[in-house]
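Participant: Dropping a structure here in structure tokens format, bear with me for questions.
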Amino acid sequence: MLRKALFVSVSAMAMTSLAGVVNAQEQVVPAAPAQGEASGAGDQEIIVTGVFSATSIERAPISITAITEDTLRRQSPISSADALKSVPGVFVNSSLGEIRNIVFSRGVSARSLEAAGGYFYISLQEDGLPVEPVTATNFGPDYFSRLDLMNNRIEALRGGTAVVTGANAPGGIFNYISKTGKSAPGTQFQFKLGLEGDGKSPLYRFDGYTGGQIADSDLYYAIGGFYRISDGARYPGYKLNKGGQIRGNLLWDYGGGSLTVRAKYLNDHNGWFETLPARDFKDPKILAPYTNLSSVLPPASPHSYPVFGTGELRDWDGSNLVNSTAVAFDVDWRHDLTDNIQISNSFRFSRNKAHWNTVAVNFATPLTDADAGIRTIQGTNGIDGTYTYRLPDGSVAAVVSQVGATRTLVVNNLPNQNILAGGIMAGLAYQPDFRSQTFQDQLTISGTFGRHRLSLGAYFDQSTFHQRFSGAGGGVMTLTPRPVLLSTTLTRPDGSVYLVTDSSGWAGIGQGLAIRESGTKVTDIAVYGGDTWEVTDKLTIDVGGRYESLNYDSFTYLPVAFTGNKLTTGGRDGNPLTLYDNATTARGTRLPFKRKYDYFAFSGSAAYQFSDAFQAYVRYTSGKKAPDFGILSGITTVAAIATIFPSAEKIQQIEMGLKYRDNGMFIQAFPFWSKNSNIADNQTFTYKPGTPNAGTGYSPPPAFGEVETFGIEISGDFDVTDQLNLHADLTLQDPKASGFSTYTQGPKGDGTDDIVSTVPAGTADNNPKVIARATATYRPVEAVSLFATYSYLGKRAANRRNAWYLPAFSTVDVGVAWDVNSNFSVQGNVTNLFNTVGIMGWAKGGSLLTALDRQTLTPAQVQADPNQLFSVLPNQPRAFYLTLSMKL
């Protein structure tokens, strides 16, 4: 009750104080420029996202922020997600790099500890349609979205009308709007030089754009794209980003409407960073010799592995990274049927693929791992003998004696044993293949009838999605920055010697922890409508509703673990002494299953314009979020198909919007309440040796919980003088979680005796109570601008049990831009000026197979051993950029 009272009081005080300011005005003054626009422009920003007809930000009864091209240029974002950091109420974790980021708003954040599902609640769109409507574990839109010179602006809607205007995206819509030859004629080139990793790792990037009218016709064209190559902020020994995209459009403006045809081709290779060893939960410290510049990715180490299900041999090479390719084709038609009625239709065909060559479960763990982690990834469960681990120069790094489930370290010459006794860095050669093909179409008819603006629309999406996880092997590496793989031999009691690893250092090839294959055909059909009623010149009421029906026609293949004698089979090469290829998981029965979700979403508001300078509204929203295929793909057995039916989550929000714009000032405040309930939380275990399907993964039935958040978002833009502008965004919120449970695998290890325990109510995990960002821009002369941004991220609960808290931290970015003349400009940026180390992610210590299960760590375990080893993911280190831009 106290939090509800606080919410009401803050809202009332904010409205009263702003109303007092409005009433003090004696005359109407021109509107101030929006963030990122030139001072003195006097134009109100027009937005198209989340509304049925274009309107100004001031009059729109939604919480939306427009990020302009000038703002994007100053920020120097490293990814599509990174550009959203200037949006109040939005949490962004872009510490991994250009892809695999995490974005959510207003506490709607379940499962955000793991970047595998970072876009679950929101829709990342390009020109009004989702980049990739299918999301699954380690598959989402930011693999196929890149910023370039063709981006005109970003419109970021938090909650609210997203449940009506977006497809299965109640958390918000982030619409990346492109330039057209009509909206932005001209030619631009941009060359960016960077030194990332605190000035140690080079980046080279070239962007180009050209657009304009074709002769004196009604046709306009635009073409843009980029190519980039970089070592990455933590250099792994090979390029971490290499590739680019090209895209364009042709627009026909025929007077009564327009027809725009767009096309895009993306081919990019990207990697990301893994966690680093650390201690001290109160003040986490990366352990020497590691620093925030260290990479723990494995060396390139190319080798072949059999593709699950087909047996086809394919190469794995860490230096090939994640290869994301996208082909998209759009047709956008808009037409005025009459002076009052308009029709629009947007169609998109896309084909997106992602082929991975990266590492997983890359954690520091003892070579004597008692929970079968090392034995599982090297494929040596149940094989007794003496294991010898050697460095690339042939010297012995360690010797382990294995008898049954007991491993004893006999010789230890491993490096950095001060970090962990008997410690090594383990990892899987991770190589999933994802592919999707999508047809989307959205039709909207809108018209003005007296004081009513009515809209009616329909959305259709049919997507096919397929994912395959094969077994490219497991590796044991040195506990060092830029680790090297340890080759392994096994000497049996009879004296026979087996090669556990191949020549590249990988073992257990054809086996693995996550081998599976599944897919789905998704059909999403929605109808929606809305009415905006201008009751009076001051009062406006809008209501909108959406009925959505999602059908998943899915399948999964049962993995069949190898049951023969690994010591006597010859495997793929026919040689029983090459143990690394002697056992391959086979593809079993194909199991089809279906799941269907139907629901209605609603959003309504009442808005009042107190004056030309001050508007206010209050909005209620109720919607649902259907499970994505990342949740459904956990259905992997006959029993699960018959018994597990993940429910749609429920999203409720109440928000108030207060918007005040006067000469040189624009202030917005959004007190809000959000409740995210019926949240399914999946866990994954591995069947233990001796059980059916030993070594393969399974998920127990999910438990359900809820997250409730009270907060306020405040945004202000001030022209202090003709030369100085200040922009600030502040989010204060109180996120609480309750009703969750976690599983502990039972002794049998076959899924029949897993133990469930209730998580006490507490602070929602990975949800900061304070997010702040402020930018000062100073123009001593018209051609020169200096800018600095201060960002603060408050502490966050490390898991739902509130075992510990990721500390708060702040960073500073600075830059200077010089317009040498009307055609040429130079800009310099330094991000994370003081090289602040902030913790953005983490993983448990202990055995390899439990490191990913962050939710089971308890406060009691932390108190019992506050200095235990765990691992952390730091934010991006300091970087330097020089950008040269030319306009023709």
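Following our numbering, the numbering of the sequence shown begins with 2 at its first residue and continues without gaps. Ideal Cβ positions, reconstructed from N, Cα and C, are used throughout, including at glycine. In this text, all values refer to a predicted model and were calculated from it rather than measured experimentally.
Between the Cα of D574 and those of T50, G200, S305 and T857, spot the shortest distance and give me the residue it belongs to.
Facilitator: Minimum Cα distance to D574 is reached at S305.
Participant: Just to confirm the assignment: which complete beta strand (DSSP E) runs, minimum length 3, are found wholly within the region 508 to 544?
Facilitator: Within the region 508 to 544, the complete beta strand (DSSP E) runs of at least 3 residues are 517 to 535.
Participant: Looking at the secondary structure, which residues open and close the alpha helix (DSSP H) in which Q76 lies?
Facilitator: E70 to Q76 is the span of the alpha helix (DSSP H), which, as asked, contains Q76.
Participant: Can you list, in chain order, the stretches of the alpha helix (DSSP H) that have 4 or more residues and sit fully within the region 47 to 122?
Facilitator: Listed in chain order, the complete alpha helix (DSSP H) runs (minimum 4 residues) inside the region 47 to 122 are 70 to 76.
Participant: Rounding to the nearest angstrom, what Cα-Cα distance links D718 and T541 in this structure?
Facilitator: In a straight line, the C-alpha of D718 is about 26 Å away from that of T541.
Participant: Between the Cα of V308 and the Cα atoms of I155, G565, A430 and V782, which residue gives the shortest distance?
Facilitator: Measuring from the Cα of V308, the nearest candidate turns out to be A430.
Participant: To the nearest angstrom, report how far apart S886 and E714 are at their CA atoms.
Facilitator: Taking the straight line from one Cα to the other gives about 35 Å.
Participant: Given that a residue counts as buried once 16 or more other Cβ atoms are within 10 Å of its Cβ, and exposed if not, what is E313?
Facilitator: The residue is exposed, with fewer than 16 neighbouring Cβ atoms inside 10 Å.
Participant: I'd like the span of the alpha helix (DSSP H) that includes V501, first residue to last.
Facilitator: Element bounds for V501: n/a, residue is neither H nor E.
Participant: Determine the extent of the alpha helix (DSSP H) in which T949 is found, giving its start and end residues.
Facilitator: Past the boundaries of the shown model lies residue 949; the chain is included only from 2 to 889, so the question cannot be answered.
Participant: Let me know the secondary structure DSSP gives V639 once reduced to three states.
Facilitator: Residue state, collapsed to three classes: helix.
Participant: Taking the alpha carbon of R315 as the point to measure from, which residue in G511, A602 and S606 has its own alpha carbon closest?
Facilitator: Nearest of G511, A602 and S606 to R315, Cα basis: G511.
Participant: What does DSSP give as the partner residue(s) for D766 in the beta ladder?
Facilitator: DSSP output for D766 lists A798 as bridge partner(s).
Participant: Here's the rule I'm using: 16 or more other beta-carbon atoms within 10 Å means buried, otherwise exposed. How should H728 be labelled?
Facilitator: So H728 ends up on the buried side.
Participant: From the DSSP output, which residues share a beta bridge with N321?
Facilitator: The partner list for N321 (beta bridge, DSSP) is empty, contrary to what the question assumes.
Participant: What is the rounded straight-line gap between the Cα of N726 and the Cα of F667?
Facilitator: When rounded, the distance between both Cα atoms is 11 Å.
Participant: Using a Cβ-Cβ cut-off of 8 Å (strictly less than) and excluding sequence neighbours within five positions of R452, which residues of its own chain qualify?
Facilitator: W534, E535 and V536, listed in sequence order.
Participant: When burial is assigned at 16 or more other CB atoms within 10 Å of the CB, is Y618 buried or exposed?
Facilitator: Counting Cβ neighbours within 10 Å, Y618 comes out buried, since at least 16 surround it.
Participant: Between which two residues does the beta strand (DSSP E) carrying R206 extend?
Facilitator: Start and end: S202 to Q214.
Participant: State whether the region 796 to 815 contacts the region 117 to 128, with contact taken as three or more CB pairs (one from each stretch) at a distance under 8 Å.
Facilitator: With the cut-off at 8 Å, the region 796 to 815 and the region 117 to 128 do not touch.
Participant: Who pairs with I224 in a beta bridge, going by DSSP?
Facilitator: In DSSP, I224 forms a bridge with T211 and G249.
Participant: Looking at the strands, I want to know which residues DSSP matches up with M657.
Facilitator: Partner(s): V619.
Participant: Pull up the distance between the alpha-carbon of T162 and that of I63, whole angstroms please.
Facilitator: Rounded to whole angstroms, T162 to I63 spans 7 Å at the Cα level.
Participant: Which whole-angstrom value is the C-beta distance of A562 and T586, which I expect to be below 8 Å?
Facilitator: A562 to T586, Cβ: 6 Å. Contact.
Participant: Are at least three pairs of beta-carbons, each pair with one atom in the region 485 to 505 and one in the region 521 to 529, less than 8 Å apart?
Facilitator: At 8 Å Cβ cutoff, the stretches do not touch.
Participant: Fully enclosed by the region 352 to 401, which alpha helix (DSSP H) runs are 4 residues long or longer?
Facilitator: Complete alpha helix (DSSP H) runs here, min 4: 374 to 378.
Participant: Can you say whether Q684 is buried or exposed, counting buried as having 16 or more other CB atoms within 10 angstroms of its CB?
Facilitator: Burial call: buried.
Participant: Considering only the beta carbon of each residue, do S700 and F711 sit closer than 9 Å?
Facilitator: No, the pair does not count as a contact, with Cβ atoms beyond the cut-off.
Participant: Measure from the alpha carbon of G624 to the alpha carbon of each residue in S742, T743 and Y598, then state which is nearest.
Facilitator: For the residues S742, T743 and Y598, the minimum Cα distance to G624 belongs to Y598.
Participant: Are A508 and G546 closer than 9 Å when you measure CB to CB?
Facilitator: It is not a contact, given that the beta carbons lie outside the stated cut-off.
Participant: Using C-beta distances below 7 Å, list every residue in its chain close to F145, excluding the 5 sequence neighbours before and after it, in chain order.
Facilitator: The answer, listed in chain order, is V132, E133, L267, S325, A327 and N353.
Participant: For L592, name the three-state secondary structure that DSSP assigns.
Facilitator: Three-state result, L592: strand.
Participant: Tell me whether E783 is buried or exposed, calling it buried when 16 or more other Cβ atoms sit within 10 Å of its Cβ.
Facilitator: It counts as exposed.
Participant: Nearest to I642 by alpha carbon, out of P593, V498 and L415?
Facilitator: Cα-wise, what sits closest to I642 is P593.
Participant: Measure the C-alpha to C-alpha separation of N876 and S402 and round it to an integer number of angstroms.
Facilitator: Rounded to whole angstroms, N876 to S402 spans 40 Å at the Cα level.
Participant: Smallest Cα separation from D434: which of N868, G244 and L322?
Facilitator: Nearest option by C-alpha distance: L322.
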